[in-house]
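In the working numbering, the protein residues as written are 1377 to 1862.
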């Protein structure tokens, strides 16, 4: 029974892993709680330590784990070991998320080590983390090119690397990382599920990345992120082609895919089991010659996010999803918005989240929103961005009347963005929202189209309806920020 209680406590504490204060307080309840909480707190210390003073304390804790021989080699200030007792736990053993840049940030600027170069310190610290005597293995590894020109990160050559990285589940690399290290890791790591490669266009070579992708046995979640201002234009297209071809080998297991470029191959045709697909294309001309998307079928797709994708391709893609889509996020598509909205409400009965940008002839679409609200009865969050070139062209009052009349009962989270809003439109909306769930509302506006006086009038109006319990929470900003309501 005691063992069962400890298992239950562990599951509860795992749910609190992002709540540092609550977890920390649990340390002092009793020894059992402490022994359960410590491994959770220390599996990813990087998520808790962002300030310099906090980083300094963490670094001192790490130093105390070094052997006496290593401390002598580094010339560590004796006051550290005299002031601080040796840790009660081997905290390093619980560390499961190895972020090389975080380790570097810990080392830089510390004054407690004398007469040692930073490279020597780094090597001693890495040997502390990577060795064959660790009881636990890393599940996440993050490598970036930020320090590449200063240090030679041959992680795979450190004694114990095969033991420490053999159970790696997620891998994140950024920029022009050392391809020899990638090839070395390919010999060790075969169980990566989540793979993220950022700034593809910054690389001179990706042969090691390709090898690491190819050898995985259960690759499930892939994220290829590129330079926002360059993607699809100046990069060696052979890199994109090679990355896509390496994914085709994992057609049966890849369920989540993000790409920041127009597909070079017919990759998507080989991934029928996709549950989530995201495209972020900066330049509209990158979508030329995408006719094969018109015949694409992704029957299991639940999440679709696109940036500047043509409506024709999106309509055909949505129609192929067999009603499973629950989340759609479409930003900056072309002018055929009416057909797109029709495709959504005709094919997405399980839709819960919709974000859509409207750019031209926006008022002609308002009637289609009523059909959408009537047919998508599970919708719980609606985000509408208006980017008409002229101020006051969109009739928010008409949309608000439709929302108040036809919104499904579970829909009360709204985010609206426009160049400006009129007070009377919102007053109309709120007066017609009576006897419904209180609204969670986010407003984004153009700071050049609304005066400070008008901004305060908007806030006052929202506060008034918050007192009336028409609004539960609201947020107004000139930046249309993405965040989740608590």
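Ideal Cβ positions, reconstructed from N, Cα and C, are used throughout, including at glycine.
Exercise for review: With DSSP as the reference, label residue 1848 as helix, strand or coil.
Suggested key: strand
Review point. With distances taken from CA atoms, which of 1417, 1384, 1624, 1841 is nearest residue 1397?
Key: 1417
Point to revise | Cα-Cα separation, residue 1791 to residue 1773 | key: Each residue's alpha carbon lies about 15 Å from the other.
Check your understanding: Nearest CA to the CA of residue 1594: which residue from 1814, 1518, 1570, 1442?
Key -> 1570
Check your understanding: Does DSSP classify residue 1789 as helix, strand or coil?
Key -> Residue 1789 falls in the strand class under three-state DSSP.
Practice item. Report all residues from its chain with a CB closer than 6 Å to the CB of residue 1579; omit the five preceding and five following residues, and keep chain order. Key: Here the set comprises 1552.
Check your understanding: Taking Cβ positions, are residue 1574 and residue 1601 nearer each other than 7 Å?
Key -> In this structure, residue 1601 lies closer than 7 Å to residue 1574 by Cβ.
**Study point:** For residue 1825, the nearest candidate out of 1797, 1833, 1813 (CA to CA)
**Key:** 1797
Point to revise | Best match in 1688, 1705, 1702 for proximity to residue 1714 [C-alpha to C-alpha] | key: 1688
Review point. Which residues share a DSSP beta bridge with residue 1394?
Key: According to DSSP, residue 1394 bridges with nothing at all.
Practice item. Would you give the residue range spanned by the beta strand (DSSP E) that residue 1558 belongs to? Key: From DSSP, residue 1558 is part of no beta strand (DSSP E) but of the alpha helix (DSSP H) over 1555-1562.
Review point. Which value, in whole angstroms, describes the spacing of the CA atoms of residue 1549 and residue 1517?
Key: 8 Å
Practice item. Can you have a look at residue 1535 and say buried or exposed, based on whether 16 or more other CB atoms are within 10 angstroms of its CB? Key: exposed
**Study point:** Beta-carbon gap between residue 1618 and residue 1586 smaller than 7 Å
**Key:** yes
Review point. Where does the unbroken beta strand (DSSP E) through residue 1704 begin, and where does it stop?
Key: 1703-1707
Check your understanding: Going straight from the alpha carbon of residue 1399 to that of residue 1837, what length do you get?
Key -> 40 Å
Point to revise | Among 1641, 1777, 1852, 1700, nearest to residue 1724 - alpha-carbon criterion | key: 1700
Review point. If you drop the 5 nearest sequence neighbours on each side, which residues of the same chain put their C-beta closer than 6 Å to that of residue 1410?
Key: For residue 1410, where only same-chain residues beyond five positions count, the Cβ hits under 6 Å are 1403.
Review point. Quick one: is residue 1560 buried, meaning 16 or more other Cβ sit within 10 Å of its Cβ, or exposed?
Key: buried
**Study point:** residue 1570 - partner residues in DSSP beta bridges
**Key:** 1546, 1597
**Study point:** Nearest candidate by alpha-carbon position, reference residue 1642, set 1632, 1657, 1616, 1652
**Key:** 1616
Point to revise | Those residues which DSSP pairs with residue 1634 across a bridge | key: 1599, 1654
Check your understanding: What do you get for residue 1739, buried or exposed, if any count of 16 or more other CB atoms within 10 angstroms of its CB means buried?
Key -> exposed
Review point. In the structure shown, what three-state DSSP assignment does residue 1530 receive?
Key: coil
Practice item. Please list, in chain order, all residues of the same chain as residue 1319 whose beta carbon is under 8 Å from its beta carbon, the five residues on each side excluded. Key: For residue 1319 there is no data in the structure shown, the boundaries of the chain being 1377 and 1862.
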